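Residue numbers (my numbering): 137 to 285.
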């Protein structure tokens, strides 16, 4: 089951994706299962050999004294192997590459985050994508008029 998808992904060119676990507290898990999260402004930062997701907003389900003390956008640790983190460090050191979360979902009983190594699209790339979509729409429209499936 998918809980959240990053809507700002259309501004990026995805180069590589990776699945990671995430370290959460109990009330956060309940809030995620109720789809009370936002990953649109989130990104991944690697510090001291560990990966953290920054700016992932998880809003509380109900007013709870424990959850009120927790910052809703606190950095959350991503559960990755050392060799995966080293590879991410190598990729991020390339010019213009960033790591962002693409979606949050369950796999079995675990909550997982799909992260992607991305490069920001240029205006030229965006224009090309728009032209391609328009051409595909025109082709589909012509095929529909002629009765071709």
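Ideal Cβ positions, reconstructed from N, Cα and C, are used throughout, including at glycine.
It should be emphasised that the depicted structure is a prediction, and the values quoted were computed from it without experimental measurement.
Test item: CB-CB of residue i and residue j under 8 Å
i           : j           : result
residue 151 : residue 255 : yes
residue 156 : residue 233 : no
residue 148 : residue 262 : no
Exposure label - residue i; buried when at least 16 CB within 10 Å
i           : result
residue 192 : buried
residue 164 : buried
residue 251 : buried
Contacting residues, own chain, Cβ-Cβ under 6 Å from residue i (five flanking each side not counted)
i           : result
residue 141 : 239
Sequence-distant residues of the same chain with beta carbon closer than 7 Å to residue i, five excluded per side
i           : result
residue 249 : 156, 158, 189, 214, 237, 240
residue 175 : 140, 142, 192, 237, 240
Proximity winner among the options, relative to residue i (alpha-carbon distances)
i           : options            : result
residue 253 : 220, 262, 198      : 220
residue 172 : 146, 148, 209, 147 : 209
residue 211 : 194, 242, 273, 272 : 194
residue 246 : 144, 228, 169, 260 : 169
Cβ shell of residue i (< 8 Å), same chain only, five flanking positions each side left out
i           : result
residue 218 : 185
Could you tell me whether the segment 266 to 276 touches the segment 179 to 188, where touching means 3 or more Cβ pairs closer than 8 Å? no
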